[in-house]
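**Student:** This is the structure, below, for whatever I ask next.
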Amino acid sequence: MTDRIEPCGKAIRHPWVAALYDWLCEAAERRGLAEHRRRVVGMASGEVLEIGGGTGRNLAHYPAGVSRVTVLEPDLHMYRRALPKSRRAPVPVRLVEGVAEALPFRAASFDTVVATLVFCTIADPAGAVRQVARVLKPGGRLVFLEHVRAETPGRARLQDLLTPLQRRLAAGCHPNRDTVGTLREAGLRVVQIERVEFGPPWVRPHVLGSAVPAGEGISRGG
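Residue numbers (numbering that gives the first Met the number 0): 0 to 221.
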């Protein structure tokens, strides 16, 4: 069920990435991404914001406890491809064009923020984390699935070497980002985290978990 598309003036354009995105995701989902996608989206409840929703591959997995999903996507080509999936979604969906570093929403608007494979491409990830903390309601949380910088020196060096090429080929993706560190440094408390292994070596490991604004009590529900 789709509410509407709302442009907010800031946009990114990667038409070829958008055209290939579903095909690339299908291959990754056969290798483990699908299970982890279902798990993280299944943690959502209440009023939900999904940042960097892409072509809408998460939408089919939202549980009945979600009242509405607002999908923020900066790439017009991506969210046009999300339209058919939003119409088939089991929950109401609103599509908004915009960037995570400047969320066009009031403070304390959402119970859950969902981020799957998005912090690697955000131009200012720390700024986006601060925005996430701002729009979360008291007791709300971020749930995430992200690939992060490797802990082993050899693989981390490989990620550093491949990052310039990956950025050009994959819409700005940085495989060498310490996203969990960014969450903590920018004002969130990571309360649940699990390392999961799938995908090519330069985008391993992945982490799945949840975080709340620093200073709030730890919540492990869902």
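Backbone N, C-alpha and C fix where the C-beta goes; we use that ideal spot for every residue, glycine too.
State the Cα-Cα distance for the pair Arg37 and Val131, rounded to the nearest angstrom.
**Tutor:** Here residue 37 refers to the residue found at position 38 when the sequence shown is read from its first residue. Here residue 131 refers to the residue found at position 132 when the sequence shown is read from its first residue. The alpha-carbon atoms of Arg37 and Val131 are separated by roughly 21 Å.
**Student:** If we ignore side chains and look at the alpha-carbon of each, how far apart do Val119 and Pro152 end up?
**Tutor:** Counting from one through the sequence shown, the residue named residue 119 turns up at place 120. Counting from one through the sequence shown, the residue named residue 152 turns up at place 153. This sequence places Cys at residue 119; Val is not what is there. A straight-line Cα-Cα distance of about 19 Å links Cys119 and Pro152.
**Student:** Which residues share a DSSP beta bridge with Pro212?
**Tutor:** In the sequence shown, the residue the question calls residue 212 occupies position 213. Looking at the DSSP assignment, Pro212 forms a beta bridge with Leu187.
**Student:** Can you give me the Cβ contacts of Gly208 inside the same chain, cut-off strictly under 7 Å, excluding the 5 residues immediately before and after it?
**Tutor:** Here residue 208 refers to the residue found at position 209 of the sequence shown. The answer, listed in chain order, is Phe143, Val189, Gln191, Ile192 and Glu193.
**Student:** If you reduce the DSSP assignment to three classes, tell me which class Gly180 lands in.
**Tutor:** Reading the sequence shown from its first residue, position 181 is the one you call residue 180. Under the three-state reduction of DSSP output, Gly180 falls in the helix class.
**Student:** Within its chain, find whatever has a CB closer than 8 Å to the CB of His205; leave out the 5 residues flanking it on each side and keep chain order.
**Tutor:** Locating residue 205 in the sequence shown gives position 206, where the first residue counts as 1. For His205, where only same-chain residues beyond five positions count, the Cβ hits under 8 Å are His35, Leu144, Glu145, His146, Val147, Arg194, Val195, Glu196, Phe197 and Gly198.
**Student:** Taking a contact to mean a Cβ-Cβ separation below 9 Å, would you say Tyr61 touches Ala81 in this structure?
**Tutor:** Taking the sequence shown and counting its residues from 1, the one referred to as residue 61 is at position 62. Taking the sequence shown and counting its residues from 1, the one referred to as residue 81 is at position 82. Cβ distance not < 9 Å, so Tyr61 and Ala81 don't count as in contact.
**Student:** In angstroms, rounded to a whole number, what distance separates the CA positions of Ala63 and Val90?
**Tutor:** Translated into the one-based positions of the sequence shown, residue 63 becomes position 64. Translated into the one-based positions of the sequence shown, residue 90 becomes position 91. Cα to Cα, Ala63 sits roughly 7 Å from Val90.
**Student:** In the DSSP assignment, the alpha helix (DSSP H) including Asp159 goes from what residue to what residue?
**Tutor:** The sequence position of residue 159 within the sequence shown is 160, counting from 1. It spans Pro152 to Leu168 - the alpha helix (DSSP H) in which Asp159 sits, taken as one unbroken run.
**Student:** Can you give the beta carbon distance from Ala127 to Glu100, rounded, assuming they're within the 8 Å contact cut?
**Tutor:** Here residue 127 corresponds to residue number 128 of the sequence shown, with the count starting at 1. Here residue 100 corresponds to residue number 101 of the sequence shown, with the count starting at 1. Confirmed, Cβ separation roughly 5 Å.
**Student:** Could you check which residue in Glu46, Leu116, Arg156 and Asn57 has the C-alpha nearest to that of Val134?
**Tutor:** The residue given as residue 134 occupies position 135 in the sequence shown. Nearest of Glu46, Leu116, Arg156 and Asn57 to Val134, Cα basis: Glu46.
**Student:** Could you give the distance in angstroms between the alpha-carbon of Gly139 and the alpha-carbon of Phe109?
**Tutor:** Residue mapping note: residue 139 aligns to position 140 of the sequence shown, counting from 1. Residue mapping note: residue 109 aligns to position 110 of the sequence shown, counting from 1. Answer to the nearest angstrom: the Cα atoms are 7 Å apart.
**Student:** What residue from Phe104, Arg79 and Gly51 has the CA that sits closest to Glu72's CA?
**Tutor:** Start at 1 with the first residue of the sequence shown, and residue 72 comes out as number 73. Nearest Cα to Glu72 within the set Phe104, Arg79 and Gly51: Gly51.
**Student:** Whole angstroms are fine: how far does the CA of His76 sit from the CA of Gly180?
**Tutor:** Counting from one through the sequence shown, the residue named residue 180 turns up at place 181. Counting from one through the sequence shown, the residue named residue 76 turns up at place 77. Taking the straight line joining both Cα atoms gives about 31 Å.
**Student:** For Ala185, collect the residues of the same chain with a Cβ closer than 6 Å to its Cβ; drop the 5 residues on either side in sequence, then sort them by chain order.
**Tutor:** Locating residue 185 in the sequence shown gives position 186, where the first residue counts as 1. Leaving aside the five residues that flank Ala185 on each side, the residues in its chain whose CB is nearer than 6 Å to its CB run, in chain order, Ala125, Val128 and Arg129.
**Student:** Would you verify that the beta carbon of Ala210 is, or is not, closer than 9 Å to some beta carbon of chain B?
**Tutor:** The chain labelled as chain B is not found in the depicted structure, where only one protein chain is given.
**Student:** Figure out for me which residue from Arg176, Arg156 and Arg79 has the closest Cα to the Cα of Asp123.
**Tutor:** What you label residue 123 is simply residue 124 of the sequence shown in a count that begins at 1. The candidate whose alpha carbon is nearest that of Asp123 is Arg176.
**Student:** Measuring straight from C-alpha to C-alpha, what distance separates Leu161 and Thr178?
**Tutor:** For this step, residue 161 is matched to residue 162 along the sequence shown. For this step, residue 178 is matched to residue 179 along the sequence shown. Roughly 17 Å between the two C-alpha positions.
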